[in-house]
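Q: Numbering (our numbering), first residue to last: 173 to 306. Take this structure, written in structure tokens, and hold onto it; I'll ask about it next.
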Amino acid sequence: MSGLQSEDPFFPNTSILIVEDEHLVALYLKDIVDDLGFHCCGTAATAEDALSAAELLRPTLVLVDIHLAGDRDGIALACELRERLRIPVIFLSGALDSQTRRRAEAACSYGFLSKPCLEDDVANALHSALERLR
173 MSGLQSEDPF FPNTSILIVE DEHLVALYLK DIVDDLGFHC CGTAATAEDA LSAAELLRPT
233 LVLVDIHLAG DRDGIALACE LRERLRIPVI FLSGALDSQT RRRAEAACSY GFLSKPCLED
293 DVANALHSAL ERLR
């Protein structure tokens, strides 16, 4: 964790890692996270980069796009984050087929956000996930 304080008194010291392979979407999500008073500790575009960042930064929570470029998708990443680092995730997706949804549900995420997502959607998902961590 970076040590930076969240402006939200109910969730101090909260850092969020964003894993999204669409650069503009990642920037949009970073702006939302920052506007909500949380600390966006970084962004990553691939599962490999996300794992490296998570090991180094130890975020409180990770927003993960299910469909990532590279060898591993966001679901495989979420499982690895949970098993190796015990870091929870909230999934992001533009569209889910039934098989992918079942895999995502089995990964024990702390929430789902449909893209495009609004600031209120992100706020609700983050607060719900952080409540579960308390």
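Backbone N, C-alpha and C fix where the C-beta goes; we use that ideal spot for every residue, glycine too.
Leaving out five residues before and five after residue 238 in sequence, what residues of the same chain have Cβ atoms less than 8 Å from its Cβ?
A: Sequence index remark: in the sequence shown, residue 238 carries index 66 (1-based). Taken in chain order, the residues that qualify are 245, 246, 247, 263, 264, 265, 268, 272 and 276.
Q: Whole angstroms are fine: how far does the CA of residue 242 sit from the CA of residue 176?
A: Here residue 176 refers to the residue found at position 4 when the sequence shown is read from its first residue. Here residue 242 refers to the residue found at position 70 when the sequence shown is read from its first residue. Reliability of the predicted coordinates at residue 176 is poor, the pLDDT of 36 falling under 50, and the value obtained from them is presented with this limitation in mind. Each residue's Cα considered, the two are about 31 Å apart.
Q: So with Cβ pairs under 8 Å, would you call residue 246 a contact of chain C?
A: Annotation note: the requested chain C is absent from the structure, which comprises a single protein chain.
Q: Keeping to the same chain, check which residues put their C-beta closer than 7 Å to that of residue 293; ignore five residues upstream and five downstream.
A: Reading the sequence shown from its first residue, position 121 is the one you call residue 293. For residue 293, where only same-chain residues beyond five positions count, the Cβ hits under 7 Å are 285.
Q: Please classify residue 278: is it buried, with 16 or more other beta-carbons within 10 angstroms of its beta-carbon, or exposed?
A: As a first step, residue 278 must be located in the sequence shown, where it is residue number 106. Residue 278 is exposed by the Cβ-count criterion.
Q: Nearest to residue 194 by alpha carbon, out of 202, 283 and 188?
A: Against the sequence shown, residue 194 aligns to sequence position 22. Checked all of 202, 283 and 188; the closest Cα to residue 194 is 202.
Q: Please report the straight-line C-alpha distance between residue 301 and residue 185, rounded to a whole angstrom.
A: Counting from one through the sequence shown, the residue named residue 301 turns up at place 129. Counting from one through the sequence shown, the residue named residue 185 turns up at place 13. Roughly 15 Å separates the two Cα atoms.
Q: Starting from residue 211, follow the beta strand (DSSP E) in both directions and report where the run begins and ends.
A: Taking the first residue of the sequence shown as 1, we reach residue 211 at position 39. First-last of the beta strand (DSSP E) with residue 211: 211–216.
Q: Please tell me whether residue 189 and residue 223 are closer than 8 Å, where the distance is taken between their beta carbons.
A: For the purposes of this step, residue 189 is taken as residue 17 along the sequence shown, with counting starting at 1. For the purposes of this step, residue 223 is taken as residue 51 along the sequence shown, with counting starting at 1. Not closer than 8 Å, so no.
Q: When you compare only the Cα positions, how much space is there between residue 197 and residue 209?
A: Numbered from its first residue, the sequence shown carries residue 197 at position 25. Numbered from its first residue, the sequence shown carries residue 209 at position 37. Residue 197 and residue 209: Cα-Cα distance of roughly 19 Å.
Q: Going by the CB atoms, is the gap between residue 235 and residue 218 shorter than 8 Å?
A: Start at 1 with the first residue of the sequence shown, and residue 218 comes out as number 46. Start at 1 with the first residue of the sequence shown, and residue 235 comes out as number 63. No, the Cβ-Cβ distance between residue 218 and residue 235 is not below 8 Å.
Q: Under the DSSP definition of a beta bridge, which residues are partnered with residue 228?
A: Taking the sequence shown and counting its residues from 1, one reaches residue 228 at position 56. Answer is none; residue 228 lacks a bridge partner.
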